[in-house]
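Residue numbers (this note's numbering): 29 to 275.
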């Protein structure tokens, strides 16, 4: 199945979708959010204001970078809709997806969760001191909404024990069960038991492995509509440095 999917992705990437064709393909998950009254909720404004800190955690002075604020605003908006009982979809695609017919996993009344990829991409710039400082109030704001945080890693599940002590209260880390496992399957497993409000990584493949098969990094996919609407590219900490971010 993985081979067939890779072949299809390669074919699509070789001939990127035109604007009108891409628009005709159904958008998924985070493109629009159904509010409780049936109206479409507007995307949260990206004003660069620092979110309030959780009890016992002080936010650093000054505004957050806009991309961090966008994540916090999105989680707050989705968490509010979840509490109201609005029908929302997870920001993870299930294994029935194809490039031309992506399928989102419904949330039902599963507990809300944000997935953050803990593995820095070798092609991504390391997080600088300012980015590291920004993560502290961001994580506090997510937890203050009653939303769990799942850190996903390509490490074997048995090798994550040393990292668990560095996580914040209520946080979880998930690794691969065996050699055949991969992060896409980890995300899908957790989406069957939780409502995934957002997915964060420092490379596009951290949101969906479809991006890992593209011949052209600029190829257009129907799932691109999720960026900024549930999927976020942010400079991430090194997994071994999590303690600096969540203590």
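Idealized CB from N, CA, C, for every residue including glycine.
Just so we're clear, the structure is a prediction, and the values are computed from it rather than from any experiment.
Cβ neighbour criterion (16 or more within 10 Å) applied to residue i
| i | result |
| --- | --- |
| residue 168 | buried |
| residue 220 | exposed |
| residue 101 | buried |
| residue 150 | exposed |
| residue 184 | exposed |
| residue 331 | Since the first residue shown for the chain is 29 and the last is 275, residue 331 is missing from the structure and cannot be characterised. |
| residue 192 | exposed |
| residue 207 | exposed |
| residue 148 | buried |
| residue 235 | buried |
| residue 116 | buried |
| residue 197 | exposed |
Residue i versus residue j: straight-line alpha-carbon distance, rounded
| i | j | result |
| --- | --- | --- |
| residue 111 | residue 260 | 23 angstroms |
| residue 113 | residue 137 | 8 angstroms |
| residue 188 | residue 205 | 11 angstroms |
| residue 103 | residue 243 | 32 angstroms |
| residue 139 | residue 173 | 12 angstroms |
| residue 107 | residue 186 | 32 angstroms |
| residue 109 | residue 209 | 33 angstroms |
| residue 246 | residue 161 | 31 angstroms |
| residue 99 | residue 164 | 13 angstroms |
| residue 214 | residue 248 | 25 angstroms |
| residue 256 | residue 135 | 19 angstroms |
Contact set for residue i: own chain, Cβ-Cβ below 8 angstroms, skip 5 residues either direction
| i | result |
| --- | --- |
| residue 263 | 152, 153, 154, 155, 156, 159 and 230 |
Nonlocal neighbours in the same chain, by C-beta distance under 7 angstroms from residue i, ignoring five residues either side
| i | result |
| --- | --- |
| residue 119 | 57, 58, 224, 225, 226, 227, 254, 258 and 259 |
| residue 217 | none |
| residue 240 | 233 |
Per-residue DSSP class, three states only, for residue i
| i | result |
| --- | --- |
| residue 118 | strand |
| residue 91 | coil |
| residue 204 | strand |
| residue 250 | helix |
| residue 228 | strand |
| residue 140 | strand |
| residue 145 | strand |
| residue 132 | strand |
| residue 262 | coil |
| residue 155 | coil |
Other residues of its chain near residue i: CB distance less than 6 angstroms, five sequence neighbours each side excluded
| i | result |
| --- | --- |
| residue 237 | 212 |
| residue 144 | 179 and 228 |
| residue 199 | 177 |
| residue 133 | 118, 120, 122 and 219 |
| residue 96 | 162 and 166 |
Beta bridge counterpart(s) of residue i as assigned by DSSP
| i | result |
| --- | --- |
| residue 177 | 142 |
| residue 184 | 204 |
| residue 222 | 139 |
The ligand MG heavy atom lying under 7 angstroms from the CB of residue i
| i | result |
| --- | --- |
| residue 243 | As for the ligand MG, it is missing from this structure, which has no ligand bound. |
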